[in-house]
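Below is one structure, written out as structure tokens; the observations come after it.
There are 2 protein chains.
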Amino acid sequence: MSDTLHRNTRQRTAIRKVFESVNRPLSAQQVLELAQAEVDGIGIATVYRNLKTLLDEGWLTQVELPGGNLMYECAGKAHHHHFQCESCNRVYELEGCVPTIEKLARPGFKVRRHELVLYGTCATCRRPVQN
Amino acid sequence: MSDTLHRNTRQRTAIRKVFESVNRPLSAQQVLELAQAEVDGIGIATVYRNLKTLLDEGWLTQVELPGGNLMYECAGKAHHHHFQCESCNRVYELEGCVPTIEKLARPGFKVRRHELVLYGTCATCRRPVQN
DNA sequence: ATAGATGCAAAGAGTTTGCATAGGT
DNA sequence: ACCTATGCAAACTCTTTGCATCTAT
């Protein structure tokens with residue numbers, strides 16, 4: 010898949026630019042809305058197709074947030090997790106991890122990876138209602 | 010919602026029984042298949058409606074596994090997390106938690122809850138391949 | 001000029017809802 | 001008898017695909 014020749018269309022360029030400017034995971038819908046500021050008639054199918062292409066190229070990674078839609082972020086970042094605001098639904102990146110996390114597995118189970126998500130209210134959403 | 014009078018239909022009883030017999034989270038589709046052994050013509054809409062009712066009653070809780078469908082398990086269990094086998098896709102419950110987990114949040118962020126999922130190979134799937 | 005990319009609309013999965021009827025209480 | 005619950009099908013959301021057209025190379 011990643012050995013196919015790809016063209017630099019206005020749409021694909023705009024989508025890449027969106028991810029480079031906002032440094033947080035985005036859903037397909039959010040990508041569409043942000044990309045529409047750049048390319049007027051861009052459609053949701055184009056967004057999905059480019060998300061898939063960029064995943065295949067290894068430029069994006071999928072962020073699997075529990076329960077919600079799939080989200081996407083630039084690849085190549087250090088191991089990290091996410092915080093989702095239950096008020097504005099925005100997703101933030103967290104630094105670091107908990108080293109003992111894989112110790113929770115039962116004996117005989119092989120842990121290959123883990124996902125960790127914190128939920129709550131982000132600093133921005135807390136402020137309006139006073140600290 | 011939970012102050013409404015509910016009736017004990019064959020369907021609802023079967024669904025409850027399914028959760029009581031298998032001690033692991035189930036998707037709506039899995040509930041349907043298991044409940045069909047008990048009640049013949051049960052439909053998917055009934056399953057979804059009852060899952061919602063049982064959630065409202067506090068008898069079930071939603072298990073939000075990343076990327077996949079929502080799953081459901083009996084409520085009232087101690088705080089715990091899950092392990093998903095990447096080979097058989099079965100979900101296991103884990104005991105305990107990591108106490109420092111909410112320290113990962115940025116300053117000013119209010120953490121209300123967290124989800125943690127380990128992925129790998131379960132003991133059953135490892136055994137056939139020796140060890 | 002050629003072949004990949006786009007936009008639109010239709011098609012699929014998963015979930016929800018409207019409506020007439022069945023069935024607990 | 002009353003009124004909730006059910007089954008069916010249609011509606012809805014999110015994602016994918018078919019097809020004619022456009023466009024980067």
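Chains as they are written, first to last, in our numbering: chain U, 10 to 140; chain V, 10 to 140.
C-beta: ideal position from N, C-alpha, C; glycine also.
Listed by chain order, chain U residues near residue i by CB distance under 8 angstroms
i, result
"residue 86 of chain V", "Ordered by position in chain U, no residue passes the 8 angstroms Cβ test against residue 86 of chain V, which lies about 15 angstroms from the chain."
Any chain V beta carbon closer than 8 angstroms to residue i
i, result
"residue 80 of chain U", "no"
"residue 15 of chain U", "no"
"residue 132 of chain U", "yes"
"residue 125 of chain U", "yes"
"residue 10 of chain U", "With a pLDDT of 42 at residue 10 of chain U, under the threshold of 50, the predicted position of this residue should be treated as unreliable, and no value is reported."
Nearest residue (CA-CA) to residue i, options the options
i, options, result
"residue 104 of chain V", "U/111, U/98 and U/95", "U/111"
"residue 67 of chain U", "U/25, U/106, U/126 and U/101", "U/25"
"residue 64 of chain U", "U/80, U/100, U/74 and U/45", "U/80"
"residue 30 of chain V", "V/126, V/116 and V/83", "V/83"
"residue 119 of chain U", "V/120, V/27, V/127 and V/61", "V/127"
"residue 59 of chain V", "V/90, V/36, V/74 and V/75", "V/36"
"residue 115 of chain V", "U/93, U/98 and U/121", "U/93"
"residue 75 of chain U", "V/44, V/136 and V/122", "V/122"
"residue 145 of chain U", "U/16, U/18 and U/40", "One cannot answer for residue 145 of chain U here, as it falls past the ends of chain U, which runs 10 to 140."
"residue 86 of chain U", "U/34, U/135 and U/46", "U/34"
"residue 90 of chain U", "U/131, U/53 and U/107", "U/107"
"residue 53 of chain U", "U/32, U/20 and U/77", "U/20"
"residue 9 of chain V", "V/45, V/48 and V/134", "Lying before the first or after the last residue shown, residue 9 of chain V is absent from chain V, which here runs from 10 to 140."
"residue 136 of chain V", "V/56, V/97 and V/70", "V/97"
"residue 168 of chain U", "U/17, U/44, U/125 and U/77", "Only positions 10 to 140 of chain U appear in this structure, which leaves residue 168 of chain U out of reach."
"residue 124 of chain U", "U/117, U/38 and U/102", "U/102"
"residue 131 of chain V", "U/132, U/117, U/130 and U/131", "U/117"
"residue 210 of chain V", "V/70, V/23 and V/71", "In the structure as shown, chain V starts at 10 and stops at 140, and residue 210 of chain V therefore has no counterpart that could be examined."
"residue 32 of chain U", "U/109, U/69 and U/16", "U/69"
"residue 38 of chain V", "V/56, V/113 and V/14", "V/56"
"residue 16 of chain U", "U/62, U/46 and U/49", "U/62"
"residue 47 of chain U", "U/109, U/71 and U/18", "U/18"
Proximal chain V residues relative to residue i, where beta-carbon distance stays under 7 angstroms
i, result
"residue 122 of chain U", "128"
Neighbour flag for residue i against chain U, beta carbons, 8 angstroms
i, result
"residue 21 of chain V", "no"
"residue 40 of chain V", "no"
"residue 90 of chain V", "yes"
"residue 95 of chain V", "yes"
Neighbouring residues, chain U, relative to residue i (Cβ below 9 angstroms)
i, result
"residue 135 of chain V", "117, 118 and 119"
*Which parts of the segment 53–128 of chain U are runs of the beta strand (DSSP E), unbroken and 3 residues or longer, counting only runs that do not cross its ends?*
69–72, 80–83, 90–94 and 100–103
*Check each residue of the segment 99–116 of chain V: if its Cβ is closer than 8 angstroms to any Cβ of chain U, include it; give the result in chain order.*
So the close ones are 101, 103, 104, 105, 106, 107, 109, 110, 111, 113, 114, 115 and 116.
*For the segment 59–79 of chain U, enumerate the residues whose C-beta is nearer than 9 angstroms to any C-beta of chain V, in chain order.*
Correct list: 71, 72, 73, 74, 75, 76, 77 and 79.
*Using a Cβ-Cβ cut-off of less than 8 angstroms, list which residues of the segment 23–53 of chain V approach chain U; keep chain order.*
Identification of residues in the segment 23–53 of chain V having a C-beta nearer than 8 angstroms to some C-beta of chain U yields an empty set.
*asked:* What ranges does the alpha helix (DSSP H) occupy inside the segment 11–54 of chain V, keeping only unbroken runs of at least 4 residues that lie completely in it?
replied: 19–30 and 37–45
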